[in-house]
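Participant: The C-terminal residue of the sequence shown carries number 982 in the working numbering, and the numbering is unbroken. Positions of the beta carbon are idealized from the N, C-alpha and C atoms, including for glycine.
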Amino acid sequence: MLRYILMTGLFFVVTNANAGFGDWFLNTVKPKSEVIDKPIDEVIPKLKPKLETKPAAKKAKPELNNTPKTVTKVATKSEPKLVNINTDELVKILDTDPNVVLIDVRTPSEIKHTGAIGRGQNVNIMRGWLEFQIADYAKTKDVPIIVYCGRNLRSPLAAQTLIEMGYTNVKNYSEGFFTWKQELNPVWVSDYEPESFLYRKPVEVIKNVYSAIGATQPYTYENSNHNNNLSFIVTGNGVLVFNAGGSYLLAAAMHEEIKKVTNQRIKYVVLENSQGHAILGANYWKEQGAIIIAHREAAKEIKKHGNDIYLRSLNQQKDKLFGTKVILPDLVFDKEFNLRMGSTVIKLLHIGASHSPDDIQLWLPKERLLISGDTAFNERLLPIFKQTNITEWIKTWDKIEALNPETIIPGHGHPTDLATVTKFTKDYLVYMRDQVQRLIDEDGSLIDAYNIDQSAYRDWGTYRQLHRQNAERIFRFMEFE
Numbered sequence: 502m503l504r505y506i507l508m509t510g511l512f513f514v515v516t517n518a519n520a521g522f523g524d525w526f527l528n529t530v531k532p533k534s535e536v537i538d539k540p541i542d543e544v545i546p547k548l549k550p551k552l553e554t555k556p557a558a559k560k561a562k563p564e565l566n567n568t569p570k571t572v573t574k575v576a577t578k579s580e581p582k583l584v585n586i587n588t589d590e591l592v593k594i595l596d597t598d599p600n601v602v603l604i605d606v607r608t609p610s611e612i613k614h615t616g617a618i619g620r621g622q623n624v625n626i627m628r629g630w631l632e633f634q635i636a637d638y639a640k641t642k643d644v645p646i647i648v649y650c651g652r653n654l655r656s657p658l659a660a661q662t663l664i665e666m667g668y669t670n671v672k673n674y675s676e677g678f679f680t681w682k683q684e685l686n687p688v689w690v691s692d693y694e695p696e697s698f699l700y701r702k703p704v705e706v707i708k709n710v711y712s713a714i715g716a717t718q719p720y721t722y723e724n725s726n727h728n729n730n731l732s733f734i735v736t737g738n739g740v741l742v743f744n745a746g747g748s749y750l751l752a753a754a755m756h757e758e759i760k761k762v763t764n765q766r767i768k769y770v771v772l773e774n775s776q777g778h779a780i781l782g783a784n785y786w787k788e789q790g791a792i793i794i795a796h797r798e799a800a801k802e803i804k805k806h807g808n809d810i811y812l813r814s815l816n817q818q819k820d821k822l823f824g825t826k827v828i829l830p831d832l833v834f835d836k837e838f839n840l841r842m843g844s845t846v847i848k849l850l851h852i853g854a855s856h857s858p859d860d861i862q863l864w865l866p867k868e869r870l871l872i873s874g875d876t877a878f879n880e881r882l883l884p885i886f887k888q889t890n891i892t893e894w895i896k897t898w899d900k901i902e903a904l905n906p907e908t909i910i911p912g913h914g915h916p917t918d919l920a921t922v923t924k925f926t927k928d929y930l931v932y933m934r935d936q937v938q939r940l941i942d943e944d945g946s947l948i949d950a951y952n953i954d955q956s957a958y959r960d961w962g963t964y965r966q967l968h969r970q971n972a973e974r975i976f977r978f979m980e981f982e
């Protein structure tokens with residue numbers, strides 16, 4: 502009420518032309534007010550209405566009940582406990598169980614710089630993607646899974662996550678990748694020579710014969726398309742190089758290594774076939790004055806598809822293909838081409854079809870050394886191409902055995918002996934041919950071919966990329982043979 506009177510009075514003082522009423526208001530109301538002459542902080546409390554408060558309710562006292570209560574424990578399903586394993590236990594599991602899923606939870610960048618466990622069951626699922634991608638590899642909840650990282654920091658957490666997701670057979674490799682590597686177990690390495698375009702630098706195989714062993718993996722930017730073997734022979738009259746390499750810069754890097762062995766000039770460069778990693782460095786060697794030699798079918802393939810081969814490699818190699826140009830060979834042959842370089846006799850052979858119709862070999866009869874090209878493989882799974890005739894490839898093997906080589910530099914993998922490349926080449930072809938033939942005899946389908954058991958080869962390089970493709974192509978080849 503007082504607030505109403507004050508505001509009304511002020512309104513009339515300001516707006517009413519009758520000054521007498523304003524004087525009356527100020528002279529009449531102000532002296533009797535208990536508020537106007539007091540500071541504002543004393544006025545406000547007196548104008549605030551008092552809040553009504555209710556007395557606090559008394560808490561009811563609990564009734565005494567001497568009757569004992571029965572406590573019921575809710576039964577819960579216990580989760581599997583995380584099991585840690587060491588290196589010896591991991592090796593034993595990997596040796597005996599082809600179906601185990603071995604998961605490296607590190608980033609792809611870490612793996613490129615440090616490597617990974619070199620076993621066929623190994624896959625990379627980065628820690629942050631584990632929950633989203635595990636189903637691509639573990640089709641059921643009881644699939645055996647082993648998780649690892651570098652130093653056992655992330656893998657226990659990742660393994661526990663899988664357990665919480667319902668996976669019932671999860672183990673953690675607690676010693677980690679660096680212990681695995683330190684104990685000289687098999688490792689996958691993106692590049693052994695990061696300061697060079699070469700994946701590995703050349704080593705002497707026998708006297709005056711050297712080979713730079715490429716990656717037993719698909720070509721990548723990191724391995725610079727050096728995923729085959731690049732070899733050279735030092736003679737009394739110059740150097741012969743077998744395979745031009747996968748780019749101009751890779752060929753130049755190879756030449757720098759040759760110069761560390763000899764100052765002789767490069768006289769010949771032999772192309773094992775028409776694939777990119779064999780031909781794309783040819784223009785570098787041509788600039789050095791070398792004569793380029795290939796099979797006649799390889800020359801036809803380069804002429805017809807050379808630009809496509811270059812573009813496929815460019816998509817992967819990018820700037821590493823600087824300076825690379827596709828050129829045709831200078832000399833071609835059909836069955837055999839003989840060279841004498843000083844006292845060294847060199848035979849270039851086309852002994853039969855293998856993974857490509859244009860594959861050739863180099864034979865040193867005195868040294869009994871065979872540079873087989875892609876007719877023979879070691880340490881990795883061979884590829885079956887659309888044009889591969891496995892029947893003829895197996896027949897070609899008889900001619901390789903007839904040479905009776907003491908040392909073989911295969912197209913892929915380390916130098917070895919005949920028995921080893923037979924296991925990685927002929928024996929695999931015969932096994933797959935027999936398995937597919939059995940399916941065809943039983944009216945099996947392409948789906949059945951995909952499911953052929955190839956687990957014995959799971960630790961071979963390129964197994965994951967090629968084994969199903971090989972089964973499909975062999976089935977299609979033999980279906981109407």
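Thinking L458 and P884 are a contact (beta carbons under 8 angstroms), I'd like their distance in whole angstroms, please.
Facilitator: A query on residue 458 cannot be resolved here, the shown segment of the chain reaching from 502 to 982 and no further.
Participant: For R881, does the three-state DSSP call read helix, strand or coil?
Facilitator: strand
Participant: For the alpha helix (DSSP H) holding R841, just list the boundary residues, first then last.
Facilitator: Run containing R841: none in the alpha helix (DSSP H); it sits in the beta strand (DSSP E), E837 to M842.
Participant: So, T669 versus K640, is the Cβ gap smaller than 8 angstroms?
Facilitator: no
Participant: If E773 sits next to K702, beta carbons under 8 angstroms apart, how far is it from one beta carbon to the other, in whole angstroms?
Facilitator: Wrong, their Cβ atoms sit about 20 angstroms apart, outside the cutoff.
Participant: Nearest to P645 by CA position, among T597, A617 and R813, is which residue?
Facilitator: Proximity to P645 across T597, A617 and R813 peaks at T597, based on C-alpha coordinates.
Participant: For the region 785-798 and the region 817-832, state whether three or more C-beta atom pairs, one from each stretch, are separated by less than 8 angstroms.
Facilitator: yes
Participant: Considering only their Cβ atoms, is the gap separating S748 from T825 smaller than 8 angstroms?
Facilitator: yes
Participant: Can you check whether the CB of V735 is closer than 8 angstroms to the CB of V706?
Facilitator: no
Participant: By the 10 Å Cβ neighbour count, where 16 or more other Cβ atoms means buried, how is H806 classified, buried or exposed?
Facilitator: exposed
Participant: Closest to V740 by CA distance: which of T923, R977, N709 and E907 is it?
Facilitator: N709
Participant: Rounded to a whole number of angstroms, what is the C-alpha to C-alpha distance between I780 and L822?
Facilitator: 13 angstroms
Participant: May I ask you to report which of helix, strand or coil DSSP gives F886?
Facilitator: Secondary structure at F886: coil, using DSSP grouped into helix, strand and coil.
Participant: What first and last residue would you give for the beta strand (DSSP E) that runs through H806?
Facilitator: Element bounds for H806: not the beta strand (DSSP E) but the alpha helix (DSSP H), R797 to Q818.
Participant: Using C-beta distances below 7 angstroms, list every residue in its chain close to A800, excluding the 5 sequence neighbours before and after it, in chain order.
Facilitator: Leaving aside the five residues that flank A800 on each side, the residues in its chain whose CB is nearer than 7 angstroms to its CB run, in chain order, L829, P830 and V833.
Participant: Can you give me the C-alpha to C-alpha distance between I612 and S691, rounded to a whole angstrom?
Facilitator: Counting only the Cα atoms, S691 lies some 8 angstroms from I612.
Participant: If you reduce the DSSP assignment to three classes, tell me which class Q862 lands in.
Facilitator: strand
Participant: Considering only the beta carbon of each residue, do G853 and I861 sit closer than 8 angstroms?
Facilitator: no
Participant: Just to confirm my understanding: we take K848, look at its own chain, exclude 5 residues before and 5 after, and list those with CB closer than 6 angstroms. What are they?
Facilitator: N839 and W864
Participant: On a Cα-Cα basis, can you pick out the residue from N952, R607 and I618 that is closest to D960?
Facilitator: I618
Participant: With a CB to CB cut of under 7 angstroms and the five nearest residues on each side skipped, what residues in its chain are close to Y693?
Facilitator: Y700 and R701
Participant: Give me whichever residues DSSP pairs with L870 in a beta bridge.
Facilitator: L865 and T908
Participant: Can you give the Cα-Cα distance for Y674 and W681, rounded to whole angstroms?
Facilitator: 10 angstroms
Participant: Measure from the alpha carbon of T876 to the alpha carbon of each residue in E973, K867, F925 and N905, then state which is nearest.
Facilitator: Considering only E973, K867, F925 and N905, the residue with the shortest C-alpha distance to T876 is F925.
Participant: Output the boundary residues of the alpha helix (DSSP H) element that contains Y1066.
Facilitator: With the chain represented from 502 up to 982, any question about residue 1066 goes unanswered, as that position is not in the structure.
Participant: With the cut-off set at 8 angstroms, would you say I891 and R934 are in Cβ contact?
Facilitator: yes
Participant: Determine the extent of the alpha helix (DSSP H) in which Y929 is found, giving its start and end residues.
Facilitator: K927 to D942
Participant: To the nearest angstrom, how far is the alpha carbon of L595 from that of A752?
Facilitator: Each residue's Cα considered, the two are about 38 angstroms apart.
Participant: How long is the line joining the alpha carbons of V704 and H727, rounded to whole angstroms?
Facilitator: 15 angstroms
Participant: Classify L685 as buried or exposed, calling it buried when 16 or more other Cβ atoms lie within 10 Å of its own Cβ.
Facilitator: exposed
Participant: Would you list the residues sitting across from F981 in a DSSP beta bridge?
Facilitator: Answer is none; F981 lacks a bridge partner.
Participant: On the three-state DSSP scale, how would you describe S632?
Facilitator: Note that residue 632 is Glu in the sequence shown, not Ser. Residue state for E632 is assigned as helix, using DSSP reduced to three classes.
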